[in-house]
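Let me begin by presenting the structure, written as structure tokens, before commenting on it.
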Amino acid sequence: MSDRHDDYSLTRVPDAARRSWPSVAVQRFGQVSSFQQFIVGALLGYGMTFWNAVLAITIGSVLLEVITVLLGIAGVREGLSTSVLARWAGFGRKGSALVGLLVAVSLAGWFGVQNGVFAHGMHALGGAVPEWGWALVGGAAITVITVYGFRLMAWTAYLTVPAFLLLAGYSVLDALHTHSLADLVSAPPPGPPLSLGAATTLVSGAFILGALMTPDMTRFNRTRADVVKQTVLSVTLGEYLIGLIGVLLAHAAATSDVVGIVTSSSGLLGTLVLATAILKINDWNLYSSSLGLVNVVDVLFDRKVGRVRVVLVLGVFGTAASALGIADHFAGFLTAVGVLAPPVAGVLIAEYFVLRRCRPVFAALRRGQAVAGRDWELAALISWALGTAFALVFDFGIPTINSVVVAFVSHLAAGLLARRRNPGGTGMLPLIGREELKTAMDEGTVIVVDTMPPDYYAREHLPGARNIPGFPYEQAAAFTDEHAPRVVPDKDAAIVVYCANTPCRNSEFVGARLLELGYADVRKYREGIEDWVGAGHPTETGPAPEAPARPAPVPVTHPE
Numbered sequence: 020m021s022d023r024h025d026d027y028s029l030t031r032v033p034d035a036a037r038r039s040w041p042s043v044a045v046q047r048f049g050q051v052s053s054f055q056q057f058i059v060g061a062l063l064g065y066g067m068t069f070w071n072a073v074l075a076i077t078i079g080s081v082l083l084e085v086i087t088v089l090l091g092i093a094g095v096r097e098g099l100s101t102s103v104l105a106r107w108a109g110f111g112r113k114g115s116a117l118v119g120l121l122v123a124v125s126l127a128g129w130f131g132v133q134n135g136v137f138a139h140g141m142h143a144l145g146g147a148v149p150e151w152g153w154a155l156v157g158g159a160a161i162t163v164i165t166v167y168g169f170r171l172m173a174w175t176a177y178l179t180v181p182a183f184l185l186l187a188g189y190s191v192l193d194a195l196h197t198h199s200l201a202d203l204v205s206a207p208p209p210g211p212p213l214s215l216g217a218a219t220t221l222v223s224g225a226f227i228l229g230a231l232m233t234p235d236m237t238r239f240n241r242t243r244a245d246v247v248k249q250t251v252l253s254v255t256l257g258e259y260l261i262g263l264i265g266v267l268l269a270h271a272a273a274t275s276d277v278v279g280i281v282t283s284s285s286g287l288l289g290t291l292v293l294a295t296a297i298l299k300i301n302d303w304n305l306y307s308s309s310l311g312l313v314n315v316v317d318v319l320f321d322r323k324v325g326r327v328r329v330v331l332v333l334g335v336f337g338t339a340a341s342a343l344g345i346a347d348h349f350a351g352f353l354t355a356v357g358v359l360a361p362p363v364a365g366v367l368i369a370e371y372f373v374l375r376r377c378r379p380v381f382a383a384l385r386r387g388q389a390v391a392g393r394d395w396e397l398a399a400l401i402s403w404a405l406g407t408a409f410a411l412v413f414d415f416g417i418p419t420i421n422s423v424v425v426a427f428v429s430h431l432a433a434g435l436l437a438r439r440r441n442p443g444g445t446g447m448l449p450l451i452g453r454e455e456l457k458t459a460m461d462e463g464t465v466i467v468v469d470t471m472p473p474d475y476y477a478r479e480h481l482p483g484a485r486n487i488p489g490f491p492y493e494q495a496a497a498f499t500d501e502h503a504p505r506v507v508p509d510k511d512a513a514i515v516v517y518c519a520n521t522p523c524r525n526s527e528f529v530g531a532r533l534l535e536l537g538y539a540d541v542r543k544y545r546e547g548i549e550d551w552v553g554a555g556h557p558t559e560t561g562p563a564p565e566a567p568a569r570p571a572p573v574p575v576t577h578p579e
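See the structure below:
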């Protein structure tokens with residue numbers, strides 16, 4: 020079962036495994052139009068007027084739609100989960116483990132919160148079974164659904180989304196039929212006032228993790244248009260329809276206890292559909308949490324662990340947490356998540372859509388090629404910290420929006436500064452191994468480019484290799500611009516660059532510049548000519564035809 024239901028937890032979802040738009044869209048709509056939105060709407064309605072709540076939902080929804088669409092497009096293009104996407108889109112391998120840990124811990128917490136709401140509602144209906152007993156039942160059911168992965172989760176949504184919408188309509192008619200809609204819209208809030216900033220943080224915080232884990236879902240989509248359609252539909256209808264119903268219910272009942280409102284107004288039917296409403300969102304909380312933790316284990320412990328096994332472990336812990344009453348801290352949990360999660364999205368969006376240094380790496384991954392990258396990307400971690408700190412320290416405006424913007428701008432600035440100080444040096448070129456390279460050379464399917472200075476090239480180089488000097492580093496881009504059109508005239512050719520050995524960075528600079536010039540398939544033989552000679556493979560000597568002017572005679576083996 021582990022292999023069959025792993026759902027490509029660490030790899031790209033192949034085109035053959037992509038799903039139809041309805042099967043993904045119904046799950047996205049189920050995420051946003053959830054009982055959680057009822058709770059948020061009730062919290063807003065308890066502390067705000069109707070029109071102030073509309074404003075808070077509007078601001079929060081716009082932010083959510085922008086983030087969700089952009090991250091969703093990255094997901095459908097690359098076919099990777101959020102935490103694996105973060106390996107190459109800004110954070111580095113070990114940095115992506117921190118992202119995965121945030122997603123895993125936070126969504127496991129949401130799993131416990133939602134399961135606690137389910138248990139509370141079911142206990143209120145009958146009372147014979149204690150809340151912790153219902154928590155065990157609900158947690159076990161959701162864990163089983165999540166174990167079987169995307170396909171069963173889609174069928175669950177097909178059944179539960181319509182049921183939940185029927186509940187929404189029934190609850191409104193039943194709870195509001197004795198109230199004037201005009202009076203509810205114009206009524207003052209029944210509870211302590213809630214500021215616009217706090218309210219918008221609740222709105223965006225309630226789904227910011229849902230927005231951040233969007234690639235987990237959209238990697239099963241087929242087109243970018245599908246992502247845009249399902250996002251606009253689900254976020255707009257989910258936030259406004261369900262959220263504003265929650266506002267009106269809070270005004271009518273003068274309480275923020277939406278669980279009590281629904282179960283008291285709808286009786287058995289309302290409580291049973293409440294259970295299905297929890298099912299259609301909570302399986303995704305557990306699913307994305309498992310994907311994040313799979314990446315954490317892979318990166319930090321170099322161990323491939325099956326998604327199914329992780330789901331079972333998280334399901335047990337999340338169920339236990341709900342039985343212990345984690346749902347009692349719902350509002351505080353939302354606020355904390357609203358501050359911690361958005362900066363991650365800001366970094367991912369800045370890296371993937373603006374800096375675009377990761378695009379060649381993703382192109383290589385789509386071709387099934389191995390890619391090496393740094394363990395840590397300091398700029399991303401600093402941007403994440405700055406975004407979080409800004410939201411915590413400064414209380415003006417909307418903290419959630421502030422944190423996204425600060426993280427986005429700081430990461431973008433760091434990337435542009437690095438590009439000016441270190442042109443062409445990305446450290447993320449796709450790799451090729453020695454024996455794979457030798458086979459490609461024997462078959463004549465690759466062009467090999469030696470990036471040593473001409474004197475070193477003339478002394479010894481790989482058979483048939485061409486020469487584009489990559490040292491001094493500050494001249495590597497100029498050398499590449501000058502000689503690439505002659506040395507490698509075909510931009511669609513498969514190219515492999517190399518230099519002396521692993522510490523040598525000549526090939527990194529030349530290869531990155533080739534990518535910037537539009538060469539489509541550039542890989543790096545990281546171990547270099549020392550590894551080639553050590554394996555006993557033949558080399559050649561002699562100058563390159565029309566050798567470029569000799570650069571300064573300096574060593575080329577430099578540790579970073």
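The sequence shown begins at 20 in my numbering and counts up by one. All C-beta atoms, glycine included, are put in the ideal place defined by N, C-alpha and C.
Worksheet entry | Burial state of Pro-572, where buried means 16 or more other Cβ atoms lie within 10 Å | Only weak support is given to the placement of Pro-572: the predicted model assigns it a pLDDT of 43, under 50, and the value that follows is read from those uncertain coordinates. By the 10 Å Cβ count, Pro-572 comes out exposed.
Worksheet item: In or out: Pro-208 buried (at least 16 other Cβ within 10 Å) or exposed?
Response: buried
Discussion item. Does the structure place the region 487-505 close enough to the region 528-544 that three or more beta carbon pairs sit under 8 Å?
Written reply: yes
Fill in: Rounded straight-line distance, which links the Cα of Asp-235 to that of Pro-33
14 Å
Fill in: Supposed contact pair Val-246 and Gly-91 - C-beta distance, whole angstroms, cut 8 Å
4 Å
Discussion item. Less than 8 Å between the beta carbons of Ile-417 and Ile-161, yes or no?
Written reply: no
Item to complete: Measure from the alpha carbon of Ala-519 to the alpha carbon of each residue in Leu-536, Ala-539, His-480, then state which is nearest.
Response: His-480
Worksheet item: With 16 as the cutoff for other CB atoms within 10 Å, does Trp-403 come out buried or exposed?
Response: buried
Fill in: Check whether Val-515 and Val-468 have beta carbons under 8 Å apart
yes
Worksheet item: At which residues does the alpha helix (DSSP H) containing Lys-248 begin and terminate?
Response: 243-256
Worksheet item: Which whole-angstrom value describes the C-beta separation of Ala-218 and Leu-63, a residue pair presumed to lie in contact below a C-beta threshold of 8 Å?
Response: 5 Å
Worksheet item: Between the C-alpha atoms of Gly-152 and Gly-135, what's the straight-line distance to the nearest angstrom?
Response: 11 Å
Discussion item. What does the alpha-carbon distance come out to for the pair Val-335 and Ile-345?
Written reply: 14 Å
Item to complete: Identify whether Lys-299 lies in helix, strand or coil by the three-state DSSP scheme.
Response: helix
Discussion item. If I follow the unbroken alpha helix (DSSP H) through Arg-532, where does it start and stop?
Written reply: 525-535
Practice prompt. Report the option in Ala-364, Phe-130, Val-103 whose CA atom is closest to the CA atom of Val-313.
Written response: Val-103
Discussion item. Once DSSP output is grouped into helix, strand and coil, what is the label at Ile-417?
Written reply: coil
Fill in: Contact under 8 Å by Cβ, Thr-165 with Val-330
yes
Fill in: CB of Ala-399 within 8 Å of CB of Val-428, strictly
no
Discussion item. At the level of alpha carbons, what is the spacing between Phe-137 and Gly-128?
Written reply: 14 Å
Worksheet entry | Element boundaries [beta strand (DSSP E), containing Lys-323] | Looking at the DSSP string, Lys-323 is not in any beta strand (DSSP E), and its letter there is neither H nor E.
Worksheet entry | 8 Å Cβ shell around Ile-227 - same chain, five flanking residues per side excluded | Leu-83, Ile-86, Val-356, Gly-357, Ala-360, Pro-361, Ala-364, Thr-419
Worksheet item: Below 8 Å between beta carbons: does that hold for Ile-264 and Gly-49?
Response: no
Worksheet item: Whose C-alpha, out of Thr-255, Val-266, Leu-536, Val-251, is nearest the C-alpha of Leu-200?
Response: Val-266
Worksheet entry | Inter-residue CB distance, Val-118 and Phe-110 (contact presumed, cutoff 8 Å) | 6 Å
Worksheet entry | Rounded C-alpha distance that separates Ser-341 from Ala-554 | 58 Å
Worksheet entry | 6 Å CB neighbourhood of His-270 in its chain, flanking five on each side removed | Gly-64, Leu-203, Ala-206
Item to complete: Have a look at the DSSP bridge pairing and note the partners of Asn-486.
Response: Asp-469
Worksheet entry | Own chain partners of Val-315 with C-beta closer than 6 Å, once the 5 adjacent residues on each side are dropped | Ala-116, Gly-119, Leu-120
Worksheet item: Using the beta-carbon count (16 or more within 10 Å), is Pro-482 buried or exposed?
Response: exposed
Fill in: Nearest-angstrom beta carbon gap, Ile-466 and Ala-513 [assumed within contact, 8 Å]
7 Å
Item to complete: Quick one: residues in its chain with C-beta nearer than 7 Å to the C-beta of Val-373, no 5 flanking neighbours on either side, listed in chain order?
Response: Leu-431
Worksheet item: Thinking just about the alpha-carbon of each residue, which of Leu-435, Glu-396, Ala-484 is nearest to the one in Leu-456?
Response: Ala-484
Worksheet item: Opposite Pro-449 in the DSSP bridges: which residues?
Response: Val-390
Item to complete: Have a look at Ala-35 and Thr-558 and give me their C-alpha separation to the nearest angstrom.
Response: 43 Å
Discussion item. Tell me the DSSP secondary structure of Tyr-538 in three-state form.
Written reply: coil
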